[in-house]
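First comes the structure, then the notes that go with it.
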Amino acid sequence: MTLPLIESEERQALRDVVSALARAHGWSYFARCIAQQRFPDELWAELSSSGFAGPNVSESDGGPGGTLTDLAVVAEEVAAAGCPLMTLVVSPAVCGPLISEFGSQAQRATWLKGIGDGSVRMAFALTEPEAGSNTHRIRTRLRQVAPGRWHLRGEKHFISGVDEAAGVLVVTRVGANDETPARFGLAIVDPHAPGVQFTPVPMQVRAAERQFVVRFDDVELTDRDLIGESGLPLAALFRGLNPERLVSAATCIGLGRYFVERAAGYARSRTVWAHPIGAHQGIAHPLVRAHAAVESARVLLSHTLELTELGRETEAAANLTKLLATEAVAQALEVAIQVHGGNGLSDEYGIAHLWGLVRMYGIAPVSREMMLNHIATHDLGLPKSY
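In C-alpha cells, the structure reads:
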C-alpha cells in the first residue's frame, strides 16, 4: 500500500523495518498474548533493541534523537501488522514529552533515557470517575505536610498498563483543599509504593495493556517527585497532550490499513459464485470507501505532524486528525466484518477481537464529542458549549 505523501528515504526505511519486524510476529501472536493476558514482551524487546520504543526522545536526554513523526510511524506500522500498542501512545508520546518540557534535569535524567530505549515504561493517570471529560473537576490532590514532603490522595480510573509500569505520571491538584485556588501539577509515583493500590477493570477491550483503577492513600512524595510544584497552566498541560492524539490517530490509521488489507485479501480469494466476491460492487465499493477514509486521515496526520515539527500550533489540527482517524478505523472494521460475513466474527480471521479497542479510541484519549466541541469553537467560531 503506497503512501499518500512522499516521505524521505530514511523515514520510508524506518517504516519498512518496523513493518517487517511487526509482521514477523503478526496478529495471531498478538491475539495469543491477549488471550494469555500478557504484554507482547518479545515484540517490545525487538522494538527496543532497534531503537523504536521511544524514537522521539532527544539525544541530549539519552534517546535516539528522532521526532514525533518517527514515533507515529512506529505506532502506525505495528498496528498495521495487527499488533496495536497503547504503550506507544502513553509512555513515549505523553509521559516523555511532559517530562521533557516541564520536568527537572534530574527527572529528565532518571526517566527519559529508559523511555527512549524501551527499558522503562510509564503509565499516565488523568481520568477520574467524578470528572469524566471535565479535567477541572479532578479531586486527586497533593497536600504539603512538611517542607519538601507531600501526600497524594485520590483515585484514577481506566489507567492503562499500570502493572507493567516503572512509574505513573499523575495529574493532580496542588493545595490543601477544594477551597484553594485551582492549581494543577504532575507527580511521578512508584506504582508499588506504600499507599498505592491498583485493581484491574474487566473490559471488553482486547489489548496488550490492561486497564486499572488506581487509588492513592496519602502516598508519601518529596519535591523530587513533583513536576510543577508551583502549578502548571492547564492549557499548557493540554497542549502537551497533543502528541497523545496524534500517536492515537496513527494507531487508528494503522488498524484501518490492517482491516482493509485483510478484507481485500479475503475478497480476492473468496469465491462463492463464478467470480471472487471482490468482483461484486456490493463488496468492492464499501471497501474502496473505507480505504479512502483511512488514506485521507493519513494525509491529514502527515500534515499535522509536519506542523508539529515546524513548531506551529496544532491543537485544532490534532483534534481533526484524531477525529477522522477514529471514524475511518471504525468504518474499516465494519466493512471488514461485513466482507467476511460470519467469518468476520470468528477468532480464526483476526478481526472481531479488535472491535473493543477500535471503539475505545472513539472515547479516549479525548472523546469524539469533546473534539467536536473544540473544533466548533476554535475552528468555526461557534459559541462555547461547555
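Basically the numbering used here = 1-based index in the sequence shown + 2.
Ideal Cβ placement from N, Cα and C applies to all residues, glycine included.
None of the values given here were measured: they were computed from a predicted structure.
Let me make sure I understand the geometry here. Which of the options has the alpha-carbon closest to that of residue i?
{"i": "Ser135", "options": "His153, Val368 and Pro94", "result": "Val368"}
{"i": "Val59", "options": "Leu73, Asp18 and Leu359", "result": "Leu73"}
{"i": "Ala125", "options": "Val96, Ser250, Leu236 and Ser50", "result": "Val96"}
{"i": "Val249", "options": "Thr224, Ala148, Ser62 and Ala299", "result": "Ala299"}
{"i": "Val262", "options": "Ala81, Gln146, Leu307 and Ser62", "result": "Ala81"}
{"i": "Tyr363", "options": "Met88, Glu48, Trp46 and Glu11", "result": "Met88"}
{"i": "Ser2", "options": "Glu130, Val170, Arg139 and Ser51", "result": "Nothing about residue 2 can be reported from this structure: the residues present for the chain run from 3 to 388 only."}
{"i": "Arg208", "options": "Glu9, His194, Ile365 and Val360", "result": "Val360"}
{"i": "Ala265", "options": "Asn345, Asp165, Arg13 and Leu70", "result": "Asn345"}
Hey, residue i and residue j: beta-carbon distance below 7 Å or not?
{"i": "Ser143", "j": "Arg151", "result": "A quick correction: the sequence has Arg, not Ser, at residue 143. The answer is no: Cβ separation not under 7 Å."}
{"i": "Gly56", "j": "Ile117", "result": "yes"}
{"i": "Pro245", "j": "Pro99", "result": "yes"}
{"i": "Val341", "j": "Leu257", "result": "no"}
{"i": "Phe200", "j": "Phe214", "result": "yes"}
{"i": "Asp220", "j": "His153", "result": "yes"}
{"i": "Val198", "j": "Ala127", "result": "no"}
{"i": "Leu16", "j": "Asp63", "result": "no"}
{"i": "Ser1", "j": "Val92", "result": "This structure does not reach residue 1, given that the chain is present from 3 up to 388, and the question cannot be answered."}
{"i": "Gly68", "j": "Phe32", "result": "no"}
{"i": "Ala251", "j": "Leu335", "result": "no"}
{"i": "Ala189", "j": "Asp227", "result": "yes"}
In three-state terms, what does DSSP make of residue i?
{"i": "Val59", "result": "coil"}
{"i": "Glu9", "result": "coil"}
{"i": "Trp275", "result": "coil"}
{"i": "Met205", "result": "coil"}
{"i": "Gly156", "result": "strand"}
{"i": "Leu309", "result": "helix"}
{"i": "Glu222", "result": "strand"}
{"i": "Thr4", "result": "In this prediction, Thr4 has a pLDDT of 41, which is less than 50 and means its spatial position is unreliable; what the coordinates show is noted afterwards. DSSP places Thr4 in coil when its eight states are reduced to three."}
{"i": "Ser316", "result": "Strictly speaking, residue 316 in this sequence is Thr, with Ser absent from that position. The answer is coil: DSSP assigns Thr316 none of H, G, I, E or B."}
{"i": "Gly169", "result": "strand"}
{"i": "Gly187", "result": "strand"}
{"i": "Arg259", "result": "helix"}
{"i": "Leu128", "result": "coil"}
{"i": "His380", "result": "helix"}
Less than 7 Å between CB atoms is the rule here; does residue i satisfy it with respect to chain B?
{"i": "Glu11", "result": "Given the protein chain composition of this structure (a single chain), no chain B is represented."}
Practice task
Could you say if the stretch 302-322 and the stretch 283-293 meet the contact criterion of at least three C-beta pairs nearer than 8 Å?
Solution key: no
Practice task
Examine the Cβ distances between the stretch 105-115 and the stretch 39-49 and report whether three or more of them are shorter than 8 Å.
Solution key: no
Exercise for the section: Would you mind listing the alpha helix (DSSP H) stretches within the stretch 42-116 that are 4+ residues and don't spill past its ends, in chain order? Expected result: 43-51, 70-82, 88-92 and 98-104
Problem - the stretch 287-302 / the stretch 349-366 touching (three or more Cβ pairs under 8 Å) - result: no
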